[in-house]
Amino acid sequence: MKLGAFLRSTVAAICILGVATPTVSISAAPRHVSKSAQHKPAPRKAAAPVAAAGLQVRIAQAPDFTRLEFPGSRGMQARREGTAVVLRFPRDANPNLSSLNVGPPRWVKGAQARHVGGVVEIVVALSDDADFRAGNADGDDFINLFARQAAAPAPAPVAAVVPNRPNPMPAGGVVPVKFDKVSGQVQLSFDWANPAGAAVFRRGEAVWVVFDAPARLDIGKLPASTPQYRNIQVFKGSDYAALRISTPQGAPFYAEGVGSNWTIALGAGSQDSPDLVRVARDDNASPATLTATVAGTTRIVWVGDPAVGDRIAVATALAPSKGLPSRRDYVEMALLQSATGLAVESYSGDLQMTADGDIVRIGRPKGLLLSSTSSGQAQADAGAGAPQAMSMPALIDPEHWSKTGSGGFMARYDALLGAVPAAGGADGKGDDTAARMALARFLVGSNLSFEAIGVLNAAGRAHQTLMGEGEFRGLRGVAKVMARRYAEAETDFASPVLNDDPSAAMWRGYIASKTGQWADANQRFADGARALNMFPALWQARFLGAQAEAAVGVGAPETAVRLVNQALKLPNIPVEDQLELRLTLAKAFEAKNDSRALPVFQAIARSGIDRLAAPATLHAIQLRLAKNQISADIAAKGLDALRFRWRGDGVELDTIRALGQLQIRQGRYREALEVLRSASNVQSDQPQAVALRNDLNTTFRTLFLDGLADGMQPIQAVGLFYDFQDLTPIGADGDQMVRNLVRRLVDVDLLEEAAKLLKYQVDNRLNGVPKAQIATDLAWIYLMDRKPESALDTINATRTTILPPALNAERRLATARALMGLGRYDAALEVIESDKSRDAEDVRAEIAWKQHTWPQAGALYERALADRWKTPGILSPADESKLLRSAVAFSLADDDASLGRLRQRYGGFVEGARNPDGLRVALAGADPGTLSSTDFSRVTADNEAFNGWVAKMKDRFRAQASRKPA
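Residue numbers (the numbering used here): 3 to 968.
Encoded structure:
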């Protein structure tokens, strides 16, 4: 941990410079103290504050300032009232201020709390020579008290750093601010007469835009507010012009300079990240000073911030943009996040900032409070050469982390591994987290991701508190990404401690791209864009390639081409990664219908790198087929060979999906379903697996619901259905599929196969009313197959109390026919006793026929014919059967009058009948001498009536199959 971060997090004194620490709320202490600190005078011990109910006060004192900190408080406002400073908090509380009154620290006379409007205010009485600065660090409000500087004239304008630079001021001294809205971004443009130096940075909720020329910035044509900003304020000094833009906290912002134009963008976008401003301690300077390399620095200006009441030191610079991707806090100042230029927030009254060419120096007359390069744990780690943590938790440094020294890999590995138990001590109670993290960094830098995961998992089990540390989560997530364990990596990067970290956002975008979540990937890359240039060139290229693939996925091939070209310009990119970038470029060409796509795919397919050659081959086959350069059979053979050549990722699933779709177009339905099902449960977390399962289900539905299988022989269609019946959807669509098949089977008298289909539905898939409906259909098929007992069992096994009246009536008819088939005529008549429908009349007529009750049978059959004799035309099989039976029954009943009536009405239908001889014999009636034994068999057989009923039932099943489900 850096010393400055340690001091801010604990509000402790700077131990190596003799700063006093309070006796409470210290969570950690530095393990090593520099020799220079050991010789400094012991610090004066501050009074220990007592924990207050709801608002705690911490005190720390250094030789030249005192700090009061309020842990957990956000939103404190500070203002002067005479010689006192009033601290207003956004809530009410009862702070314990005894330590400020009993033994007040330097520059404090006392303090009291007062409750105003539901909130608490702390009034701190200051000595006459005291001044203050208020702020927030690491989520805690604080106030620094220090000696007021002697009144001095305002600093003279700093001379321009760049000599003989053309004056950027336009004629008239006014620069209109132009407004534009592009892809959800607000863009503000500034046109100067000549190139102007600029600094664009964030402080709190405000984005500042500072130029090094005192022009008047005209914002008259800008909207008062937009979703990207709430308001804009204009400021002008003797040597600068500035805008203060209130924006949502953490919203992205960009600066891009071209010639004499600057464009400031607010909101997520695809702009390139600025070059990194490198900040380091100046080891050659005394006292301690920080230096920053800001190429093209033009001026140092001091800008007053009305929201805080202090001044910000700003270094403006010429284009192109260069900045800091995140805020950096030190003991006496902070470097603010910037899109271009450098800005410093000062906690002391004597901070100095100067520029010499491209070098910006930041210091104080007595030096900054910086940790010594030869002190503490930093000295031990540097001496041992242990891999060091980066400035952001998810950044990596393979170049330095993987260094082995002269002893080689094993010697280096053994040394780092041995440092873990050594740090733990003989009793194992020592703190070995630093040694474990150093070993993990070495393994990640050496591309040994699985080994690094093991080391980090062991560290997490040994030290549960590591799970809440950003670097641990980030490093383990990186190792899992390198191992292609993306789901596990996403869990680490989803940790709240990494929510606002731009380096982690880049990894989240990479994971989203690799898992096919294109829209999420684009958003996450935009969130982390300012950290891109902080990664090694190799990973910059990989991130840009993944972002390009996501752009192709959302239909933005032009953006993808730009990103790939940007990546290909990076230095020292391995050939394999270059080929992967060009594969993505070819996909973008394909999306644009650019003819360059196919040659690139074909070239990569011959590269010999299977993980790249496989997708390139797939796309090449698809393109050649689309261009009719190869036949469907050749394409299918190529895809079939490719699916066995490359296994284990989304490319395999894409290949199988393409092969299945091609086979469907060729009419090879069974092969298509078998191919698609072969990978439907493989890599189920891949987005391609979801698409493949959808294809499988869609194909099955198209075959058996939309009629694509109607061209197959019925027995082949039912065999295909049986083999893939687990794909049958639940509900109305599944029932309709079965009806379609049953209809085809019934049409060709495959009644047993039709019954099996329906029985499977009844026994395994349905409940309630749908089950009763399908069971009724099954009973009819059993009756058609002359299996009345099975029909009756089916009806009885699916009884339920709540059924539609029409279905109940149909089930009673089926029951009556089954009982009739079993010879239980009285029971059958009892079932349909109250049913007056035509179908019920047919059952009664048939029972009368079977019981040889000829007068009743003849009358019932004649009544069933109704007035059919009035309508000319050929009789239907059912009507012909009824006429035949009615005539035979009247003849056997010796009812010559009724037989004559039939002969008179239907005599004209005999010649056009299907069985004219049978009708002629039946209607002859009373002349038995004309009836031979053969004639008698024609008119008395049951087959005529039964076949007529079967034909009627076939019509019923056809009608059911033609009705689409609602």
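All C-beta atoms in this analysis are idealised placements derived from N, C-alpha and C, irrespective of residue type, glycine included.
Which one of the options has the shortest CA to CA distance from residue i?
i, options, result
"G306", "D358, A734, V212 and I221", "V212"
"M171", "R150, R205 and P197", "P197"
"R76", "N138, G733, G555 and V87", "N138"
"A440", "L458, Y827 and F452", "L458"
"P92", "Q79, G84 and A217", "Q79"
"L320", "G199, S404, A208 and M355", "G199"
"P790", "A830, N766 and P289", "A830"
"A514", "R486, N166, R745 and P576", "R486"
"G875", "D898, K852, A915 and S227", "A915"
"A436", "A62, G447, L419 and A569", "L419"
"P97", "F72, A442 and L729", "F72"
"A464", "G479, D433, A481 and E492", "D433"
"L540", "K571, L292, E835 and K838", "K571"
"A243", "V179, A357, A282 and G56", "V179"
Tell me whether residue i sits in a helix, a strand or coil according to DSSP, three-state version.
i, result
"E592", "helix"
"K482", "helix"
"S191", "strand"
"S934", "Because S934 carries a pLDDT of 47, less than 50, the predicted location of this residue cannot be relied on, and no value is offered for it."
"W304", "strand"
"I718", "For the sequence presented, residue 718 should be read as Gln rather than Ile. It is helical."
"I314", "strand"
"M335", "strand"
"S348", "strand"
"T299", "strand"
"F646", "helix"
"I849", "helix"
"L747", "helix"
"S377", "Any answer about S377 is weak, because its pLDDT of 37 lies below 50 and its placement is not dependable; what the coordinates show is given next. Correct three-state label for S377: coil."
"G432", "coil"
"W403", "helix"
"V184", "strand"
"E71", "strand"
"I234", "strand"
"G985", "What the structure shows of the chain is the stretch from 3 to 968, and residue 985 is not part of that stretch, so it cannot be assessed."
"G739", "First, the residue type needs correcting, since residue 739 is Met and not Gly in the sequence shown. Three-state result, M739: helix."
"R584", "helix"
"Q354", "strand"
"I266", "strand"
What residue does the beta strand (DSSP E) around residue i start on, and which one ends it?
i, result
"N103", "N103 -> not in any beta strand (DSSP E); alpha helix (DSSP H) instead, spanning S100 to V104."
"L249", "In the sequence under discussion, the amino acid at residue 249 is Thr, which differs from the Leu named in the question. Where T249 is concerned, there is no enclosing beta strand (DSSP E), given that its DSSP letter is neither H nor E."
"T228", "Careful: T228 lies outside any beta strand (DSSP E) and carries neither H nor E."
"V546", "Correcting the residue type first, residue 546 is Leu in the shown sequence and not Val. Unbroken run through L546 is the alpha helix (DSSP H), A539 to G555; no beta strand (DSSP E)."
"G126", "Just to set this straight, residue 126 is Val in the shown sequence, not Gly. V121 to L128 is the span of the beta strand (DSSP E), which, as asked, contains V126."
"E913", "Taken as a continuous stretch (DSSP letters only), E913 belongs to no beta strand (DSSP E), as it is neither H nor E."
"N138", "A132 to A139"
"D142", "D142 to A149"
"I61", "R60 to A64"
"I364", "I361 to G365"
"F203", "A200 to R205"
Hey, could you find the ends of the alpha helix (DSSP H) residue i is sitting in?
i, result
"L620", "D612 to A628"
"R82", "Element bounds for R82: not the alpha helix (DSSP H) but the beta strand (DSSP E), Q79 to E83."
Rounded to whole angstroms, how far is the Cβ of residue i from the Cβ of residue j, which I believe are closer than 8 Å?
i, j, result
"I314", "V346", "7 Å"
"I804", "A781", "At roughly 19 Å, the Cβ-Cβ gap does not stay under 8 Å, so I804 and A781 are not in contact."
"A562", "A543", "At roughly 14 Å, the Cβ-Cβ gap does not stay under 8 Å, so A562 and A543 are not in contact."
"A550", "T586", "5 Å"
"A201", "G343", "3 Å"
"I849", "M822", "6 Å"
"S680", "I658", "7 Å"
"A660", "L675", "Actually they are not in contact, since the Cβ atoms of A660 and L675 sit about 15 Å apart, beyond 8 Å."
"A270", "Q525", "7 Å"
Entirely within the stretch 666-712 and at least 4 residues each: give me those alpha helix (DSSP H) ranges in chain order.
671-680 and 689-706
Length at least 4, wholly inside the stretch 456-544: the alpha helix (DSSP H) runs in chain order
472-484, 488-495, 504-516 and 520-529
Which residue spans inside the stretch 794-819 form an unbroken alpha helix (DSSP H) run of at least 4?
none
If you scan the stretch 851-919 from start to end, which runs of the alpha helix (DSSP H) of 4 or more residues do you find wholly inside it?
856-867, 879-894 and 898-908
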